[in-house]
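K.L.:
Line by line, the protein sequences give chains L and X. Every letter in the first sequence is one number past the one before it in our numbering, and letter 19, counting from 1, is 19. Every letter in the second sequence is one number past the one before it in our numbering, and letter 56, counting from 1, is 56. Beta carbons are placed, not taken as given, at the ideal position from N, Cα and C, and that holds for glycine. Below is a structure I'd like to ask you about.
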Amino acid sequence: GAGVSQSPSNKVTEKGKDVELRCDPISGHTALYWYRQRLGQGLEFLIYFQGNSAPDKSGLPSDRFSAERTGESVSTLTIQRTQQEDSAVYLCASSSGTSLGDTQYFGPGTRLTVL
Amino acid sequence: AQRVTQPEKLLSVFKGAPVELKCNYSYSGSPELFWYVQYSRQRLQLLLRHISRESIKGFTADLNKGETSFHLKKPFAQEEDSAMYYCARRNFGNEKLTFGTGTRLTIIP
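As structure tokens, this is what we get:
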């Protein structure tokens with residue numbers, strides 16, 4: 001079946017603009033994660049959604065970052081007033097959420113460049 | 001804080017030679033360790049996890065709690081093993097993953 005998809009694949013924006021990144025998880029997966037990967041660094045956890053539970057936002061770097069998820073479907077990561085340090089690849093992953101320790105399946109990522 | 005350290009950014013190995021990619025983790029909680037791999041132009045995917053204790057594509061990794069290490073090994077490297085490898089951890093009961101900075105493995109024909 002289809003894997004995790006993300007759009008756009010690339011986004012170039014000017015400093016100060018807002019951007020929205022989209023993630024479509026694998027159908028039926030109740031858990032969804034956002035990670036960020038800056039150049040030369042590992043992936044950093046941003047936020048985690050599990051079903052109807054309150055999301056774990058502990059990784060969001062500032063209040064300019066927010067994410068929403070409607071039910072168990074699409075998620076949108078929004079970055080307001082982008083800064084150059086926000087330039088990174090943003091990765092989304094989903095898992096079935098049926099048990100602890102489920103495998104996370106990753107999307108292809110969105111490469112964000114802030115000029 | 002949870003930390004994962006991969007000391008080598010780049011590693012080049014001749015085809016047929018043994019491979020070892022190093023990973024050390026900070027001791028906190030009850031960790032579960034993983035290796036993820038990203039081949040050229042492909043998405044990040046799970047290679048193996050310590051609780052499965054299995055060999056995938058000839059790779060194995062043993063959790064050494066005394067040394068807080070989870071090194072990835074393969075006795076005979078193949079050209080198709082060239083990729084970016086990430087070590088990751090999470091604590092049991094906490095779903096978020098903490099990743100190392102990755103090691104780019106290049107197999108020399």
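List, in chain order, every chain L residue whose beta-carbon is nearer than 8 Å to that of residue 100(X).
P.N.:
By 1-based counting over the second sequence, the position of residue 100(X) is 100. Here the neighbours are 42.
K.L.:
Could you say which of 16(L), 27(L), 13(L) and 14(L) lies nearest to residue 72(L) if we only look at CA atoms?
P.N.:
Numbered from its first residue, the first sequence carries residue 72(L) at position 72. Of the listed residues, the one whose Cα sits closest to residue 72(L) is 27(L).
K.L.:
At the 8 Å Cβ level, is residue 56(L) part of the contact set with chain X, yes or no?
P.N.:
On the first sequence, position 56 is the one that residue 56(L) refers to. Interface residue, yes.
K.L.:
Is it the case that the Cβ atoms of residue 103(L) and residue 46(X) are separated by a distance below 8 Å?
P.N.:
The count along the first sequence starts at 1 and reaches residue 103(L) at position 103. The count along the second sequence starts at 1 and reaches residue 46(X) at position 46. Against a cut-off of 8 Å, the Cβ pair of residue 46(X) and residue 103(L) comes out as a contact.
K.L.:
Kindly provide the ranges of any beta strand (DSSP E) runs that are 3 or more residues long and lie completely inside the region 12-40 of chain X, ordered along the chain.
P.N.:
Correct list: 19-21 and 31-38.
K.L.:
Taking CB distances under 8 Å as the criterion, tell me whether residue 108(L) reaches chain X.
P.N.:
In the first sequence, counting from the first residue as 1, residue 108(L) sits at position 108. Yes, its Cβ sits closer than 8 Å to a Cβ of chain X.
K.L.:
Below 9 Å on C-beta distance, what does residue 59(L) contact in chain X?
P.N.:
As a working note, residue 59(L) is residue 59 in the first sequence. Neighbours of residue 59(L) on chain X, chain order: 96.
K.L.:
If contact means a Cβ-Cβ distance below 7 Å, which residues of the region 74-87 of chain X contact chain L?
P.N.:
If the cut-off is 7 Å between Cβ atoms, the region 74-87 of chain X has 86 near chain L.
K.L.:
Give the residues of chain X in contact with residue 199(L), contact being defined as C-beta atoms less than 8 Å apart.
P.N.:
No answer is possible for residue 199(L): it lies beyond the span of chain L, which begins at 1 and ends at 115.
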